[in-house]
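Scroll down for the structure; my scribbles are underneath it.
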Amino acid sequence: MSSESLDIAWMIMAAALVMAMQVGFCFLESGLVRAKNSINVAIKNLADFCVSAVIFWLIGFGLMFGSSQWGLFGTQFFLFQTDQGWWLTAFFIFQLVFCSTAITIISGAVAERMRFNAYLIITIFTSGLVYPFFGHWAWAGVIPNTQNGWLLDLGFLDFAGSTVVHAVGGWVSLAAILVIGPRHGQYANPKRKIQGHNLTLASAGVIILWFGWIGFNGGSTLQFNSEVPKVIANTIISGAFGGVSAMLAAFFYYKQTRTWALMNGIIGGLVSITSCCNVVTAGSAALIGIIAGALCFCGMLLLNKLKIDDAVGAVSAHAFCGVWGSLAVALLGESELWSTGFSRSHQLLAQIIGSATCFLWSFGSSYVFFKVLNKFVKLRVSIEEEQAGLNVTEHGATTELIDLITDMNQQQRAGSFSKRVHVEPHTEVGQIAAEYNRVLERIEEEFRQREIATQNARKSQTEAIHANQVKSDFLANMSHELRTPLGIIMGYIELIQEDIKDGQSFVDPEDLTTISDAGHHLLHLINGVLDISKIESGKIDVNITSVNVYSLIQKLEQTVLPLIGENKNQLHIEIADGIGSIQTDEIKLQQCLLNLISNAAKFTDNGHITLRAYRRNNSDNLEYCYFEVEDTGIGIQHTQTKTIFQAFTQADSSTTRQYGGTGLGLTITQSFCQILGGEISLSSDYGKGSCFTMRIPS
């Protein structure tokens, strides 16, 4: 194989590697946007390659590399014919994929909010005017027998396109995003920026770009010579150091590694070395990458602070780093390798002029064109279309995620979640849909529980109203109960005062007995109210001592005998042998028994009241002392036993009117029994009598 054939083969292979960069850009940009726009970005990458290839074949190659007219534009090679020689055709292929690379940069920057038809117009404008004109100024004269562009004559050097390809694409991107504005919601919450849906895909895209850059820079030698290994080595080194630099910058700034910083740092390093990879050492390539990574990271922070929404970081990676790469030619390049023979300062001036010209031409012309175009063709989709996603609104394309969102929107519009969303098995979105359905089931369960809670609340409200009514009845009864003994006391005191006034100092003992009984009755009523108040407030004190059950019942018998005799009842005491003593509060136990006996005496007429005491072990082999108070009174209906221990409650209102009382005795007894660690139960045969059984731990 001749050296010319080898050069042509290398150029074509390099072109294939550069074309593979389209795959890298597609992966990178699709991964860095939301899933609802990923198809749109991929189609833009595919479409802009097609359109830019057509335009570059029609006029772009001729304007860029044709024989120069005043150093401004070319005048030949339009509608390029492939029969003009192997080398020229291979060179055309190589430059065509370069043009497509410059255009693809724009698609990532404007992603998620630009109309597809508007993007195609921008592709035509950039590939047919902006890119070939600046490319002519910097690169025209490469083809034999053609004149140089004015920037090349000035001494501007750009080996593989840091400025011609990447800075042009970056500055056009900046103009576009300034005209169309940021994505909806991007800066609404500074802590929650829009995130890419697949960073794994984006990372794979960066690796493919890095691989393709071997052809991008290596192929720019235009021949397979000794410079190729050096160019490729510098390219890889700069990309690696760019990634490390940006990664460290992100770590020191955020205290953690950010994926986007690493990815864009690599690209920034690759962009920066592209213009000078043939004139720098490996050490300089490393330094170029370090500065590029930091510059790229800081550039993205600056754009975010200015609220300039670059969806993939294209401006900082391609425009800013493209400028740095152009300046690095003069700052870090080896002067003996420059083709110009300029001094370092002279070469730096040429690089500054070239970079400034690129900005003024690429950004200026694009910004004016986009502003005018926007008045005739809306560049940006509507907010509704942006929220729905460009996959559907621009292309009618759908994904599993879009289908899921559609099902969820239908649920929202219908106001019903009874129908579950479709679950695509064995996919991540299917797993999300399945979990969403589980959430709906949980929500429905919560609603059911809330409905039950609401019903319980209504029931509690009804019970509260009833309790309030019961308390009202209690207050009415209590007023009557208190008034009766108080009236007796006051009446007899007035009689005694009248007798004393009339000089009669004699006081009838029966009157004093009546006063005493009424006073004790009144005191009993008041004590009941005080006891229930203490119980409800939790201020009951317990004094545990050793209590002899036999002695306690003997004292109790003497106390209740007058009460038993009021209705001509008889009291029977049954105490089991060896009852002994128990550890409890004597006063509270005595009051419980007194309440039960008093209650039995009140509702029994000319009958029997029996008090039993005995010991027994329960199922857990714990010993208890049992006290039973059984009567032959009126008994209690079964429906009334449910409320017999409730405060302020007696069997019914007629019982209250007939027998009196506050309805607190049994409530106090139950509470005291529970405080002592025991419990009380009731069995009753209506019309025949009742039996209250109380057990206390011994």
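Residues are numbered in my numbering as their position in the sequence shown, beginning at 1, plus a constant of 57. Glycine included, C-beta positions come from ideal geometry on N, C-alpha and C.
Are three or more beta carbon pairs between the stretch 339 to 353 and the stretch 142 to 149 nearer than 8 Å?
Output reads no: the stretch 142 to 149 does not touch the stretch 339 to 353.
Alpha carbon to alpha carbon, what distance is there between residue 242 and residue 249?
As a first step, residue 249 must be located in the sequence shown, where it is residue number 192. As a first step, residue 242 must be located in the sequence shown, where it is residue number 185. One alpha carbon belongs to residue 249, the other to residue 242, and they sit about 9 Å apart.
Between the CA atoms of residue 227 and residue 236 - distance to the nearest angstrom
Counted from its first residue, the sequence shown places residue 236 at position 179. Counted from its first residue, the sequence shown places residue 227 at position 170. The alpha-carbon atoms of residue 236 and residue 227 are separated by roughly 14 Å.
Closest residue to residue 460 among 480, 444, 474 and 471 (Cα-Cα distance):
Counting from 1 along the sequence shown, the entry for residue 460 is found at position 403. The shortest CA-to-CA distance from residue 460 to any of 480, 444, 474 and 471 is the one to 480.
Anyone know if the C-beta pair for residue 467 and residue 474 falls short of 8 Å?
On the sequence shown, position 410 is the one that residue 467 refers to. On the sequence shown, position 417 is the one that residue 474 refers to. Result no, Cβ atoms of residue 467 and residue 474 do not sit closer than 8 Å.
Measure the alpha-carbon distance for residue 318 versus residue 386 and round it to whole angstroms.
The sequence position of residue 318 within the sequence shown is 261, counting from 1. The sequence position of residue 386 within the sequence shown is 329, counting from 1. Each residue's alpha carbon lies about 25 Å from the other.
Per DSSP, what kind of secondary structure is residue 329 in: helix, strand or coil?
Against the sequence shown, residue 329 aligns to sequence position 272. In the structure shown, residue 329 sits in a helix (DSSP, three-state: H, G or I).
Take the Cβ of residue 510 as the centre, count every other Cβ of all protein chains shown within 10 Å, and call the residue buried at 16 or more, exposed below.
On the sequence shown, residue 510 is found 453 positions in, with the first residue counted as 1. Exposed, by the Cβ-count rule.
Quick one: any contact between the stretch 85 to 98 and the stretch 165 to 180, if contact means 3 or more CB pairs under 8 Å?
Yes, the stretch 85 to 98 touches the stretch 165 to 180.
Beta-carbon proximity list for residue 604, same chain, < 7 Å, skipping 5 on both sides
Reading the sequence shown from its first residue, position 547 is the one you call residue 604. Cβ neighbours of residue 604 beyond the five flanking positions: 638, 639, 641, 643 and 646.
In this structure, how does DSSP classify residue 246 when only helix, strand and coil are distinguished?
As a position in the sequence shown, residue 246 is number 189, starting the count at 1. In this structure, residue 246 counts as coil in the three-state DSSP scheme.
Taking the continuous alpha helix (DSSP H) assigned at residue 739, which residues delimit it?
The residue you call residue 739 lines up with position 682 of the sequence shown. Counting along the chain, residue 739 falls outside any alpha helix (DSSP H), though it belongs to the beta strand (DSSP E) covering 736 to 742.
For residue 262, is the beta carbon positioned less than 7 Å from some heavy atom of the ligand ZN?
Among the ligands in the structure shown, none appear at all, so the ligand ZN cannot be discussed.
From which residue to which residue does the alpha helix (DSSP H) around residue 649 run?
Looking up residue 649 in the sequence shown gives position 592. Residues 643 to 659.
Using the Cα positions of residue 396 and residue 238, report the straight-line distance between them to the nearest angstrom.
The residue given as residue 396 occupies position 339 in the sequence shown. The residue given as residue 238 occupies position 181 in the sequence shown. Each residue's Cα considered, the two are about 43 Å apart.
If you count every other CB in all the chains shown that lies within 10 Å of the CB of residue 622, and 16 or more means buried, which is it?
Translated into positions along the sequence shown, residue 622 becomes position 565. Burial state of residue 622 is exposed, judged by a 10 Å Cβ sphere holding fewer than 16 other Cβ atoms.
Please classify residue 288: is it buried, with 16 or more other beta-carbons within 10 angstroms of its beta-carbon, or exposed?
For the purposes of this step, residue 288 is taken as the residue at position 231 of the sequence shown. With 16 or more Cβ atoms within 10 Å of its Cβ, residue 288 is classed as buried.
Consult DSSP for residue 515 and reduce its assignment to one of helix, strand or coil.
Position 458 of the sequence shown, counting from 1, holds the residue named residue 515. The answer is helix: DSSP assigns residue 515 an H, G or I state.
From this set, 724, 688 and 229, which residue's C-alpha is nearest residue 428's C-alpha?
For the purposes of this step, residue 428 is taken as the residue at position 371 of the sequence shown. Of 724, 688 and 229, the residue nearest in Cα terms is 229.
Measuring only the C-alpha atoms, how far is residue 187 from residue 231?
Within the sequence shown, residue 187 is the residue found at index 130, counting from 1. Within the sequence shown, residue 231 is the residue found at index 174, counting from 1. Taking the straight line from one Cα to the other gives about 14 Å.
Which class does residue 688 belong to by DSSP, given the choice of helix, strand or coil?
As a working note, residue 688 is residue 631 in the sequence shown. If DSSP states are grouped into helix, strand and coil, residue 688 belongs with the strands.
Between which residues of its own chain and residue 407 is the CB-CB distance below 6 Å, once the five residues before and five after are set aside?
Position 350 of the sequence shown holds residue 407. If we look at residue 407 and ignore the five residues flanking it on each side, its Cβ neighbours are 211, 212 and 213.
Does the separation of the CB atoms of residue 730 and residue 737 fall below 8 Å?
Against the sequence shown, residue 730 aligns to sequence position 673. Against the sequence shown, residue 737 aligns to sequence position 680. Yes, these two residues count as a Cβ contact at 8 Å.
Sufficient close CB pairs (3 or more, under 8 Å) joining the stretch 332 to 342 to the stretch 358 to 378
At 8 Å Cβ cutoff, the stretches do not touch.
Suppose the cutoff is 6 Å on Cβ atoms and the five residues either side in sequence are ignored; what does the same chain contact list for residue 194 look like?
Numbered from 1 along the sequence shown, position 137 holds the residue referred to as residue 194. The residues are 206, 207 and 208.
What residues in its chain sit with their C-beta under 7 Å from that of residue 374, if we drop five residues either side in the sequence?
Against the sequence shown, residue 374 aligns to sequence position 317. Excluding sequence neighbours, residue 374 sits near 321, 324, 325, 328 and 353.
Going by DSSP in three states, residue 600 sits in which element: helix, strand or coil?
Residue numbering aside, residue 600 sits at position 543 when the sequence shown is read from its first letter. Reduced to three states, the DSSP call for residue 600 is coil.
C-alpha distance - residue 157 paired with residue 75, whole-angstrom precision
Within the sequence shown, residue 157 is the residue found at index 100, counting from 1. Within the sequence shown, residue 75 is the residue found at index 18, counting from 1. Approximately 9 Å between the Cα atoms of the pair.
Quick check: the Cα distance between residue 635 and residue 696, rounded to an integer number of angstroms?
For the purposes of this step, residue 635 is taken as the residue at position 578 of the sequence shown. For the purposes of this step, residue 696 is taken as the residue at position 639 of the sequence shown. Each residue's alpha carbon lies about 39 Å from the other.
In the DSSP output, what is residue 754 paired with across the bridge?
Within the sequence shown, the letter at position 697 stands for residue 754. The beta-bridge partner set that DSSP reports for residue 754 consists of 681.
Determine, using beta carbons only, whether residue 274 and residue 331 come nearer to each other than 8 Å.
Walking along the sequence shown from the start, residue 274 turns up at place 217. Walking along the sequence shown from the start, residue 331 turns up at place 274. The Cβ-Cβ distance between residue 274 and residue 331 falls below 8 Å.
Tell me which same chain residues have a C-beta within less than 7 Å of the C-beta of residue 19, skipping the five on either side of it?
Outside the modelled stretch of the chain, which goes from 58 to 755, sits residue 19, for which no answer is possible.
How about residue 105 and residue 220: are their beta carbons less than 8 Å apart?
Here residue 105 refers to the residue found at position 48 of the sequence shown. Here residue 220 refers to the residue found at position 163 of the sequence shown. The beta carbons of residue 105 and residue 220 sit no closer together than 8 Å.
Classify residue 91: buried if its beta carbon has 16 or more other beta carbons within 10 angstroms, exposed otherwise.
Translated into the one-based positions of the sequence shown, residue 91 becomes position 34. The residue is buried, with at least 16 neighbouring Cβ atoms inside 10 Å.
DSSP bridge partner residues for residue 639 (one or two, in chain order)
Locating residue 639 in the sequence shown gives position 582, where the first residue counts as 1. As DSSP reads the structure, residue 639 sits in a beta bridge with 604.
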